[in-house]
Structure formats: C-alpha cells, structure tokens
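Sequential numbering from 90 applies to the sequence shown in my numbering. Here's the structure, in structure tokens; my notes come after.
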Amino acid sequence: MSCAELIALQGADVVIESNWHSGAAAAVMNVFNEVGIPVLSLDVLHPNAIFLGANNYVSGLIGGQAAAEHAKALGRCDDVSVLLGVAPGDGDAANQRLSGFADGVQTVCGALPEDRIHEALIDAGTTDQALTKTTDWLTGRPDAGFVLATAIDDPRAFGMSNALAQAGREGVAIGLGCDDVGLAATRTPVEDNNFLGCVAYFPETYPDWALSVAADILEGKAVPEEVHLEHVFLDAASINNVYPE
C-alpha cells in the first residue's frame, strides 16, 4: 500500500503492478483509481486493471493432457488417479491451474469418477512438504493405480514426483512453471524421478509484453482487458530446444 501511495503521489502516467497478494488487490487499485492512473497487473487479477500473464486454466489443461497422453501410451487410462496439491491461500490462479489439470486428464482418458480425483493440502510452498504430504497420501491409498499429480508450481510438483519415485509407485507429476527446479527435473529421465515435464510460462518475456502494452495505453490505443501469454509443455525431448543448457 505504501508503494502504491508513493507512486500515486509521483503522478505516474501508467503503472505496471506486480503484487502477489491477491487480498490486497482491491485496496491497491483504490489508490490508483482515485487519481485516475491506468494499471497493468502481472499474473494476479486486480479490479479495473488490465491483466497480463498466465492463462492459468489453459496451462493446467495442457499439463493434464500431457500427463494423460503418457498414461494412455502405457495403456493406463483405466486406472488413473489424479492428485492435486491444493493451497487455498494461493488464490484463484492456483484453483484455475488445478481444475484445468483435472479437466485436461479427462479430455484424454475420459471422465473420471469423483473418487479418482483427490486433493492434498500442500500449502507451505516447499518441495519437502509436498514430498511428505504425497507420501502420506500414497501410503493411505495402495490401490491408487497410475497417479497423475500436480501442484501450482514446480517445487511442489517435484516433491510429489519424488514421493512417487521413493515409494516405488506408478505415475508421474507435471510441473507448472518451468522454473529452475522444473527445468532440472525435466532433464532427468522420467524413469528416475517420475517427473514427466513442465508447462512453460516464459516469465522472461514479461518485460517486453508489459512495456508494449503500457506504450499502447499511453498512446490511447485500444487494449484488451486481459493479455495472456503462450504456454507450452516441455519434456526431456523438447526442453533443450527452448532452454538450452
């Protein structure tokens, strides 16, 4: 809030806002709305701001489809279980990614009964917690079959894949982000860590997109309410084409 108030006092022509605390979005926007400063918000929806960032549902959908195609190729669609690492505090973006993943699995493997789609609370945002929580879930469900797992980010998905590998269980995890953790895990053979790959969000392109949209705002050009970036699934065979070592 103090940063928003300072920027408003300085009389900015346009603001590129990167605020990850969705609960503060309305209060921050009230500051800018009062002085009529247009705002471009990154990755978190802010009321009355132009959104630039991930298409969270679509990115999850892509990840779910990739996981299910892997299961289908192995003839395992009939005994798939979906495990979603939920974190209520992460807001709607997380919910969209996870619901997209579950839907993506079902577009390939067909509709799953409710008792084949599960949630595990992984709210600390760490690989260690994801490993522990997923291990506990696997222990309680020896008949889970071929597990397809994900969480909102790569560190948590990596913990889930480690749990599968350490327990000797069948299935894979998909990372959503392709950060450093996801890239390293993707380069490791899936047979060794049960991490199939990651959905890329290309955060390195955000500055160019943000400046381009901000320039359009300043020039009075029509700008859509939401500008979504491309998402691509990367696995061991494709990752070096996009992110060379």
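Heads up, the beta-carbon is just placed ideally off N, CA and C, and yes, glycines get one too. None of the values given here were measured: they were computed from a predicted structure.
Item checked: Enclosing alpha helix (DSSP H) for E158 [first to last residue] -> 145-162
Note to self: Ignoring anything shorter than 4 residues, give me the alpha helix (DSSP H) runs that lie fully in the segment 232-307, in order along the chain.
What the structure shows: 243-256, 269-276, 279-282, 295-307
Note to self: Within a Cβ cutoff of 7 Å, which residues of the same chain sit near D192, ignoring the five residues on either side of it in sequence?
What the structure shows: L150, G153
Next item on the list: Report yes if the CB atom of A156 is closer than 8 Å to the CB atom of I241, and no otherwise.
Entry: no
Check: Skipping 5 residues on each side, what residues in its chain have a beta carbon closer than 6 Å to that of L131?
Finding: S107, L141, G142
Note to self: Within 8 Å, do at least three Cβ pairs link the segment 289-307 to the segment 96-112?
What the structure shows: yes
Check: Quick one: Cα of A115 to Cα of K161, how far?
Finding: 44 Å
Next item on the list: State the start and end residues of the unbroken alpha helix (DSSP H) segment that holds D192.
Entry: 181-198
Check: Alpha carbon to alpha carbon, what distance is there between A273 and D168?
Finding: 29 Å
Margin query: On the criterion of 16 or more Cβ atoms from any shown chain inside 10 Å, does N283 qualify as buried, or is it exposed?
Written below: buried
Margin query: Could you compute how far the alpha carbon of Y332 sits from the alpha carbon of C267?
Written below: 10 Å
Margin query: Using only the alpha-carbon positions, how far apart do V275 and E334 sit?
Written below: One point to set straight first is that residue 275 is Thr, not Val, in the sequence displayed. Distance between the alpha carbons of T275 and E334: 12 Å.
Next item on the list: Could you check the C-alpha separation between H317 and F247 for me, to the nearest Å?
Entry: 26 Å
Next item on the list: Output the distance between the C-alpha atoms of V124 and A97, rounded to the nearest integer angstrom.
Entry: 7 Å
Check: Is the segment 169-176 close to the segment 190-208, with three or more CB pairs under 8 Å?
Finding: yes
Note to self: My assumption, with CB atoms under 8 Å, is that F190 sits in contact with T239. Please give the rounded CB distance.
What the structure shows: 5 Å
Checklist line | DSSP bridge partner residues for V103 (one or two, in chain order) | finding: Answer is none; V103 lacks a bridge partner.
Margin query: Please report the distance separating the alpha-carbon of S188 from that of L95.
Written below: 38 Å
Margin query: Let me make sure I understand the geometry here. Which of L227, L129, A219 has the alpha-carbon closest to that of L300?
Written below: L129
Check: Run through DSSP, which three-state label would V312 get?
Finding: coil
Next item on the list: Give the secondary structure of A138 by DSSP, where H, G and I count as helix, E and B as strand, and everything else as coil.
Entry: coil
Note to self: Give me, in chain order, the residues of the same chain whose beta-carbon lies closer than 6 Å to that of L134; leave out the 5 immediate sequence neighbours on both sides.
What the structure shows: F140
Check: Buried or exposed: where does N144 fall if 16 or more other Cβ atoms within 10 Å of its Cβ makes it buried?
Finding: buried
Item checked: Other residues of its chain near L220: CB distance less than 7 Å, five sequence neighbours each side excluded -> G248, N251, A252
Next item on the list: Give a yes or no on whether the C-beta atoms belonging to L285 and D243 are separated by under 8 Å.
Entry: no
Next item on the list: Look at E208 and V236 and say whether their C-beta atoms are less than 8 Å apart.
Entry: no
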